[in-house]
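Notes to accompany the following structure.
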Amino acid sequence: MTEDNLHSPFLIVIWDHEVGGLRRGIVESLDEKLKLQLIEEIEPAEFFSFSGVEVKGNVIQFPMSKFYSCPNPNIFVLVSHAPSRAPYEFLTRILDFAIDQCGVKELYIAGGVVTSIAHSSPRRVFGIVNRPELKKVLEQCDVHTGMDYQTPPGGGTSLSNFLLWVAMTRKLAGCTLWVEVPFYLANHHDPLAAAQMLRVLDTRFNLGLELHQIEHETQKLSANFQELGNQNVEISRYLELLERGIMLSEGEVETLTKEVSHFLYTKE
Amino acid sequence: MALRVYKEPVLKNPDLIAAWPGIGNIGLIAVDTLRKAVNAEPFAEIEPWHFFYPHGVTIQDGELVDINFPKSRFFYKKLDGKDTVFFVGEEQPAGGRKGYEMANLILDMAALMRCGRIYTAAAAVTTIHHTAKPKVWAVPNNPKLVDEIKQYPNTILMSSIDERGGQGNITGLNGLLLGVAQQRGMEGICLLGEIPVYVSQFLTPYPKASRSILDVINHNLGIAPDLSKLDEMDQGVEQNIERFYTMIPQEMRDHIDQLQQVTQAEQENQDKITDEDKKEIMQHIEEFFEKGGQED
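Respectively, the protein sequence lines represent chains A and B. First residue of the first sequence? That's 21 in our numbering, and the numbers climb one at a time after it. First residue of the second sequence? That's 919 in our numbering, and the numbers climb one at a time after it.
Next comes the structure, spelled out in structure tokens:
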């Protein structure tokens, strides 16, 4: 499935709503290197509510689901909003196009998972596969693959894992990849998380990505936190505790998230 | 969107009894209790992915091994009195169109099994006191069933309820299924167990109303299953309601206790409480719960 399949078509899926601004961080870097070409859009009327529009980052958002291709390597990329209705039919539509039109043989769904790490900590990437043989491939890309998990009652399921399951029913091998995002960066751009996910994809597909821009953003974020810590002793202490692996209380988590958001919004 | 049939039992003119979660889980508890009491066997289900978003996943050693959807299952039992098909849905589909599609799938199964009648079971939120025995409101989808319903124990028609005049709404699939059944020429009756309006706000099960519904169903099926577990559950819930009741401010309890007179008056066919009185009581109760259970 690895070396032999390197020329087989792959599909990388990235949802617009992913934490840590991953969509932007990953897609911009892929586009810069691979020069993605728009090849198909899923008509939104069937899957999205048009009772109004969402406003995000001060800008009106309109639901989209766009397939891009790049001929060398043979990779397709889907960038999409999550559907607000008929999710199973939506995911089926994605796979219909990927399998029937593009001949996709493997599916990679990139996403973020919010954890209690510090922004300065290295980001781990966890992988969930729908075929056991894919685990070895991911382990070669520095992905952790030994997770055991059972959704607690009332917990729900991510759209990514739902897609992975639908792919399994279509006999399409695939995985969901989850990069760690510090909880206080969930609603901001986390360049370290995007960079780590890109490294995994780069290793897997030999993309030859250059991460200069994202490294520059990482340095900028680090400088921002340095400035925030200098301004606010309490926040500095919370960040230090997280760096030492010490959990914060609920109130401390709330304060840190609020202060970081306020500071970063003024910087953005 | 399809039915998945494990086996096709040969049944003799069965009835189908359907329920989903709802207020006080009255219908679901009634139907689930009965199908367990008679040891009904599962024989089919509705494929869930078209109707529901999954509830959860099971991941073992990094591998996705299962994804869990709400189940919509059919059971059957050959009973002495009457063969019976049970449909138990763990969740109602969101949106009218999907509800309509599910209703048709259930009725496809009912037609396949040659069911003669469809029952649904749910809650009727009303002005009774929690110490009263809940009545069952029965709503047929065919006027020829009205006379039969009048013979049911502890049961009333919509027209018997003062302020309703035979009119009202049945929300969700409990009503929709019987509407679609009517269109398909299948007869059906919705059985609604009464629940006090203030108890419906507690988000607690209300097995006492489920018991009333089962009294009607068992009467019609000609069976007398052991319902002791349901009665035990009822006692436990009753104690919880009483415990909560003592925490309600006295003034509020005085309002609610007036509902005892409503029930008594109706049972004795007297006219001690007027519709105006009921409206006033309800207004106080609603205001109380709108304030999150805090009296001024």
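Just so you know, even glycine gets a beta-carbon here, dropped at the ideal spot from N, CA and C.
For this session: Could you please give me the residues that DSSP links to LYS86(A) through a beta bridge?
Result: Answer is GLU61(A), VAL99(A).
Exercise. Going along the chain, which residues of the region 208-229 of chain A sit with their C-beta nearer than 9 Å to a C-beta in chain B?
Worked result: Closer than 9 Å at the C-beta level to chain B, one finds no residue of the region 208-229 of chain A.
Exercise. Just checking, does the region 1018-1037 of chain B make contact with the region 1091-1107 of chain B on the three C-beta pairs under 8 Å criterion?
Worked result: Counting Cβ pairs under 8 Å, three or more are found: they touch.
Exercise. For the putative contact between ILE129(A) and VAL33(A), defined by C-beta atoms under 8 Å, what is the C-beta separation to the nearest angstrom?
Worked result: Contact between ILE129(A) and VAL33(A) holds, since their C-beta atoms are separated by about 4 Å, short of 8 Å.
Exercise. Skipping 5 residues on each side, what residues in its chain have a beta carbon closer than 8 Å to that of TYR994(B)?
Worked result: Correct list, in chain order: PRO927, LEU929, PRO932, ALA958, GLU959, PHE961, ASP1001, THR1002, VAL1003, PHE1004, MET1031.
Problem set entry | Residue range of the unbroken beta strand (DSSP E) whose run includes GLY132(A) | 126-135 is the extent of the beta strand (DSSP E) around GLY132(A).
Exercise. How would you call GLU263(A), buried or exposed, if buried means at least 16 neighbouring beta carbons within 10 angstroms?
Worked result: Classified as exposed, GLU263(A) has fewer than 16 neighbouring CB atoms from the shown chains inside 10 Å of its CB.
Problem set entry | 8 Å contact criterion, which ARG43(A) and VAL99(A) should meet: CB distance rounded | The distance from the Cβ of ARG43(A) to that of VAL99(A) is about 7 Å, consistent with a contact at the 8 Å cut-off.
Exercise. Would you say the beta carbon of LEU1094(B) comes nearer than 7 Å to a heavy atom of the ligand PLP?
Worked result: The ligand PLP is not part of this structure, which contains no ligands at all.
Exercise. In chain B, what lies closer than 8 Å to GLY171(A) by C-beta?
Worked result: Looking at the sequence itself, residue 171(A) is Thr, so the reference to Gly does not match. In chain order, HIS973, GLY974, VAL975, THR976, ASN986 make up the part of chain B whose C-beta sits under 8 Å from the C-beta of THR171(A).
For this session: Check whether the Cβ atoms of GLY1111(B) and ALA1127(B) sit closer than 8 Å, and answer yes or no.
Result: When the beta-carbon positions are compared, GLY1111(B) and ALA1127(B) come within less than 8 Å of each other.
Exercise. Does DSSP classify ILE947(B) as helix, strand or coil?
Worked result: ILE947(B): helix per DSSP, three-state reduction.
Exercise. Near GLN233(A), what residues of its chain come up, given a Cβ to Cβ distance below 8 Å and the 5 sequence neighbours on each side ignored?
Worked result: Residues of the same chain with a CB within less than 8 Å of the CB of GLN233(A), apart from the 5 flanking positions on each side, are GLU48, SER49, GLU52 in chain order.
For this session: Specify the secondary structure class of GLN1069(B) as computed by DSSP and reduced to three states.
Result: Coil, per DSSP.
Exercise. How about the region 172-183 of chain A and the region 107-124 of chain A: do they share at least three Cβ pairs that are nearer than 8 Å?
Worked result: Inter-segment contact for the region 172-183 of chain A and the region 107-124 of chain A is present: three or more beta-carbon pairs are separated by less than 8 Å.
Exercise. In its own chain, which residues sit with a C-beta less than 6 Å from the C-beta of GLY1014(B), not counting the 5 before and 5 after it?
Worked result: In its chain, beyond the 5 residues on either side, no residue has a beta carbon closer than 6 Å to the beta carbon of GLY1014(B).
Exercise. Where does the unbroken alpha helix (DSSP H) through VAL253(A) begin, and where does it stop?
Worked result: Its alpha helix (DSSP H) spans residues 253-263.
Exercise. Within this structure, are the beta carbons of HIS139(A) and LEU268(A) separated by less than 8 Å?
Worked result: Annotated as distal: HIS139(A) and LEU268(A), with beta-carbon spacing of 8 Å or more.
Exercise. LEU31(A) versus chain B: which residues are under 8 Å apart at the beta carbon?
Worked result: Result: empty, since nearest Cβ-Cβ is about 17 Å, beyond 8 Å.
Problem set entry | Neighbouring residues, chain B, relative to PHE182(A) (Cβ below 8 Å) | Listed by position along chain B, the residues whose Cβ is nearer than 8 Å to that of PHE182(A) are TYR971, PRO972, ILE985.
Exercise. Is the Cβ-Cβ distance between LEU1091(B) and TRP938(B) less than 8 Å?
Worked result: Their beta carbons are under 8 Å apart, which means LEU1091(B) touches TRP938(B) by this criterion.
Problem set entry | Nonlocal neighbours in the same chain, by C-beta distance under 7 Å from LEU205(A), ignoring five residues either side | So the list reads GLY40, HIS139, once near-sequence residues are dropped.
For this session: Measure from the C-beta of TRP938(B) to each C-beta in chain A and report whether the shortest distance is under 8 Å.
Result: TRP938(B) does not count as touching chain A.
Exercise. From the beta carbon of TYR258(A), is the nearest beta carbon of chain B less than 8 Å away?
Worked result: At a cut-off of 8 Å between beta-carbon atoms, TYR258(A) makes no contact with chain B.
For this session: Tell whether a beta-carbon distance below 8 Å holds between PRO972(B) and SER990(B).
Result: No, the Cβ-Cβ distance between PRO972(B) and SER990(B) is not below 8 Å.
Exercise. Alpha carbon to alpha carbon, how far is MET167(A) from ASP979(B)?
Worked result: Distance between the alpha carbons of MET167(A) and ASP979(B) is about 5 Å.
Exercise. Under 8 Å, do LEU56(A) and VAL97(A) count as touching if we go by C-beta distance?
Worked result: Their beta carbons are under 8 Å apart, which means LEU56(A) touches VAL97(A) by this criterion.
Problem set entry | Residues from the region 932-962 of chain B in contact with chain A, defined by Cβ distance under 9 Å | The residues in question: there are none.
Exercise. Are LYS1053(B) and THR1073(B) touching if we call contact CB-CB under 8 Å?
Worked result: Going by C-beta atoms, LYS1053(B) is nearer than 8 Å to THR1073(B).
Exercise. Per DSSP, SER1077(B) forms a beta bridge with which residues?
Worked result: Answer is none; SER1077(B) lacks a bridge partner.
Exercise. From which residue to which residue does the beta strand (DSSP E) around SER990(B) run?
Worked result: Counting along the chain, the beta strand (DSSP E) containing SER990(B) begins and ends at 990-995.
Exercise. Under 8 Å between C-beta atoms, does GLY980(B) make it to chain A?
Worked result: Between GLY980(B) and chain A, the shortest Cβ-Cβ separation is below 8 Å.
Exercise. With 8 Å set as the bound, which would you pick, yes or no: does the beta-carbon of HIS968(B) sit closer than that to a beta-carbon of chain A?
Worked result: So, interface residue.
For this session: Kindly indicate which three-state DSSP category GLN246(A) falls into: helix, strand or coil?
Result: Look at GLN246(A) here: in three-state DSSP terms it is helix.
Problem set entry | Beta-carbon neighbours of PRO83(A), restricted to chain B and to distances below 7 Å | For PRO83(A), none of the residues of chain B pass the 7 Å Cβ criterion, the least Cβ distance being about 17 Å.
Problem set entry | Bridge partner(s) assigned by DSSP for TRP1055(B) | TRP1055(B) is bridged to ILE1074(B), LEU1110(B).
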